[in-house]
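Its first residue numbered 21, the first sequence is counted upward by one per residue in my numbering. Note sheet for the following structure.
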Amino acid sequence: MSLRYRAVRGMRDLASEAAAELRRVEDQCIAAARAFGYEEIRLPLVESTDLFSRGIGEATDIVAKEMYVFDDRRGNSLALRPEGTAGCVRACIQQGLLHNRTQRLWYAGPMFRYERPQQGRYRQFDQFGAEIFGVGGPEADAELIQMVAAIWDGLGLRDAVRLEINALGSSASRAAYGEALVAYLAPYEDELDGDSRQRLRLNPLRILDSKVESTRRILEEAPNLADYLDASERAQFDTLRELLDSLGLLYRVNRRLVRGFDYYTHAVVEWVAEGIGSQDAVCAGGRYDGLIELFGGRPTPAAGFALGIDRVALLLREVADASAEASAACSAGALSYSAADVHVVMQDRKYMPAAMAAAQALRVRVPGLRVRMDAGGGGLSAQFRRADRSGACWAMIVGEDEIAQNRVSLKWLRANRPQVTASMDEVAAAIRESQAQD
RNA sequence: GUGGACGUAGCUCAGUCGGUAGAGCUCCGGAUUGUGGAUCCGGCGGUCGUGGGUUCAAACCCCAUCGUCCACCCCA
Numbered sequence: 021m022s023l024r025y026r027a028v029r030g031m032r033d034l035a036s037e038a039a040a041e042l043r044r045v046e047d048q049c050i051a052a053a054r055a056f057g058y059e060e061i062r063l064p065l066v067e068s069t070d071l072f073s074r075g076i077g078e079a080t081d082i083v084a085k086e087m088y089v090f091d092d093r094r095g096n097s098l099a100l101r102p103e104g105t106a107g108c109v110r111a112c113i114q115q116g117l118l119h120n121r122t123q124r125l126w127y128a129g130p131m132f133r134y135e136r137p138q139q140g141r142y143r144q145f146d147q148f149g150a151e152i153f154g155v156g157g158p159e160a161d162a163e164l165i166q167m168v169a170a171i172w173d174g175l176g177l178r179d180a181v182r183l184e185i186n187a188l189g190s191s192a193s194r195a196a197y198g199e200a201l202v203a204y205l206a207p208y209e210d211e212l213d214g215d216s217r218q219r220l221r222l223n224p225l226r227i228l229d230s231k232v233e234s235t236r237r238i239l240e241e242a243p244n245l246a247d248y249l250d251a252s253e254r255a256q257f258d259t260l261r262e263l264l265d266s267l268g269l270l271y272r273v274n275r276r277l278v279r280g281f282d283y284y285t286h287a288v289v290e291w292v293a294e295g296i297g298s299q300d301a302v303c304a305g306g307r308y309d310g311l312i313e314l315f316g317g318r319p320t321p322a323a324g325f326a327l328g329i330d331r332v333a334l335l336l337r338e339v340a341d342a343s344a345e346a347s348a349a350c351s352a353g354a355l356s357y358s359a360a361d362v363h364v365v366m367q368d369r370k371y372m373p374a375a376m377a378a379a380q381a382l383r384v385r386v387p388g389l390r391v392r393m394d395a396g397g398g399g400l401s402a403q404f405r406r407a408d409r410s411g412a413c414w415a416m417i418v419g420e421d422e423i424a425q426n427r428v429s430l431k432w433l434r435a436n437r438p439q440v441t442a443s444m445d446e447v448a449a450a451i452r453e454s455q456a457q458d
């Protein structure tokens, strides 16, 4: 089909069920964050370009070639945020949120990266993030992992993801290791793949997670990052592992796990899913103790994660866990998705005022109930057909007899129960009772 | 940014040797004037992604372009 206008590349329209799937993931994330005592922070989508290039790192791919950068009318260079942490830290410093106290925050919203689109990777995509400031111990890292695990549990995805962790050490030990790695790799420079050769100068740690077979072979004998951690860094990581063990949170230590942003230090984590293609990282994060100071704040320990809402929704769809869907108000024969619980039909269009009044009366009596008016006209037969296809559990009927008796009729569309004609209060009570059973 | 596959109705797709476009689903109406799901009948719906070329003739062949998907890459 030929279109006059279409959404720009990599940016999607998500209607009805697709939107509901994202909403479900986001709601679950927010519920978990609230349960852990995190507070919401709302942040701008646009920041100074400089914030990201300094914070994330000039040499990272995200900054070097994936940011949406533009000048405003005064010539200031601005960027659409490619991730949430930098802006969150900036806001915390600007608003004095870190002064003399710990802070736990969450946010959700769109991020922008100019990448080649494919499944699970879009130029505008939604992330949920949580950050904890002022807690230097591994209990902060463990708490964040516990929260993410709670999100998986809430979505029935615990078995669909696996956790990998690693310790990068302080920026000092990280730098020392980087030098050692470069020294080891330098003689092999000609044998490395092109990307890795470039990173040798720009960002040597990133070579570690190269997928190129020849490069991986060279790396087999490379110095081990773990050997460059000092005693306290090693102890911190061990404590984190003990915490996770005692909480029953499974993980795998991956010594090759390196994050794409420069600000990470110490513990880094990545949750990986299977079955959603090559874009399989659904959640990742770690500690970034140096970033607040880099942005001009007082040195403050910090850790956080970001979760890809789109990817988790995709995973949810792949897993299609039949047992996990329990939200429907009428279980028997319920469709997996519907926009309304009650579909209001009327004997004739002339009863529209009475039908609309009845619909609102029902909404008021049963909070949260989704009551939708029939639209489209036609006889009762057509209206009931639409009611059925809408996925609603009930049809509420308003007709001549009902109006004369000041009553309405309620028909169960998914359960084998007789239709009733009763007062609005009685109908509302019947619906509430039916919902309570499911 | 690199490589590959693919773009036909709202959706999923068929379309032979180049001869001027079809099915199923959806939606609407009817069989059924106060009752849905099954069945049957009918209807709405298309610049064949776009632009150019070859040809008497292009959904089909050629070129370009845009888009989608997959992999690389990147990352959530």
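Glycine included, each C-beta is placed from N, C-alpha and C at the ideal position.
Exposure of Phe281, with buried meaning 16 or more beta-carbon neighbours within 10 Å
Taking the first residue of the first sequence as position 1, residue 281 is located at position 261. Classification of Phe281: buried, given that the 10 Å Cβ count is 16 or more.
From Arg236 to Ala407, what distance separates their C-alpha atoms?
Position 216 of the first sequence, counted from the first residue, corresponds to residue 236. Position 387 of the first sequence, counted from the first residue, corresponds to residue 407. Each residue's Cα considered, the two are about 59 Å apart.
Between Leu245 and Pro224, how many whole angstroms is the CB-CB distance? I'm expecting something under 8 Å.
Residue 245 sits at position 225 when you count from the first residue of the first sequence. Residue 224 sits at position 204 when you count from the first residue of the first sequence. Contact doesn't hold; Cβ gap of about 11 Å is too wide.
Judging by CA-CA distance, which residue of Leu117, Pro207, Ala128 and Gly324 is the nearest neighbour of Phe148?
Along the first sequence, one-based indexing puts residue 148 at 128. Comparing alpha-carbon positions, the option among Leu117, Pro207, Ala128 and Gly324 lying closest to Phe148 turns out to be Ala128.
Buried or exposed for Gln425, please, with buried defined as at least 16 other CB atoms from any protein chain shown within 10 angstroms of its CB.
Residue 425 sits at position 405 when you count from the first residue of the first sequence. By the neighbour-count criterion, in which 16 or more other beta carbons inside 10 Å mark a residue as buried, Gln425 falls on the exposed side.
Considering only their Cβ atoms, is the gap separating Val289 from Leu188 smaller than 7 Å?
Here the question's residue 188 lines up with position 168 in the first sequence. Here the question's residue 289 lines up with position 269 in the first sequence. It is not a contact, given that the beta carbons lie outside the stated cut-off.
Could you compute how far the alpha carbon of Arg307 sits from the alpha carbon of Glu103?
For the purposes of this step, residue 307 is identified with residue 287 of the first sequence, where counting begins at 1. For the purposes of this step, residue 103 is identified with residue 83 of the first sequence, where counting begins at 1. Rounded to the nearest angstrom, the gap between the Cα atoms of Arg307 and Glu103 is 15 Å.
Who pairs with Ser97 in a beta bridge, going by DSSP?
Indexing the first sequence from 1 puts residue 97 at position 77. Listed as beta-bridge partners of Ser97 by DSSP are Asp91.
Cβ neighbour criterion (16 or more within 10 Å) applied to Phe90
If you number the first sequence from 1, residue 90 lands on position 70. So Phe90 counts as exposed.
Every unbroken beta strand (DSSP E) within the segment 59-84, with a cutoff of 3 residues, ordered by chain:
You should have 66-68.
Proximal residues to Leu334 (C-beta, below 8 Å), its chain only, five neighbours per side dropped
Residue numbering aside, residue 334 sits at position 314 when the first sequence is read from its first letter. Counting only residues of its own chain and dropping the five nearest sequence neighbours on each side, Leu334 has a CB closer than 8 Å to the CB of Gln139, Gly140 and Ile296.
For Leu327, the residue or residues it bridges with in DSSP
As a position in the first sequence, residue 327 is number 307, starting the count at 1. Phe148 and Cys303, per the DSSP bridge assignment.
Flag this pair as touching only if the segment 114-122 and the segment 77-91 have three or more C-beta atom pairs under 8 Å; answer yes or no.
Taking 8 Å as the limit for Cβ pairs, the verdict is that the segment 77-91 does not touch the segment 114-122.
Mind reading off the beta-carbon distance from Arg337 to Glu41? Whole number of angstroms is fine, and I expect it under 8 Å.
To locate residue 337, count along the first sequence from 1; it is residue 317. To locate residue 41, count along the first sequence from 1; it is residue 21. The pair is a contact, with the Cβ atoms about 7 Å apart (cut-off 8 Å).
Can you tell me whether Asp361 is buried or exposed? The criterion is at least 16 other CB atoms within 10 Å of its CB, across all chains shown.
The sequence position of residue 361 within the first sequence is 341, counting from 1. When all chains shown are included, Asp361 counts as buried.
Any 3 or more C-beta pairs closer than 8 Å across the segment 311-319 and the segment 196-213
With a cut-off of 8 Å, the segment 196-213 and the segment 311-319 do not count as touching, because too few Cβ pairs lie within range.
Does the beta-carbon distance from Met416 to Leu430 come in below 7 Å?
Start at 1 with the first residue of the first sequence, and residue 416 comes out as number 396. Start at 1 with the first residue of the first sequence, and residue 430 comes out as number 410. Against a cut-off of 7 Å, the Cβ pair of Leu430 and Met416 comes out as a contact.
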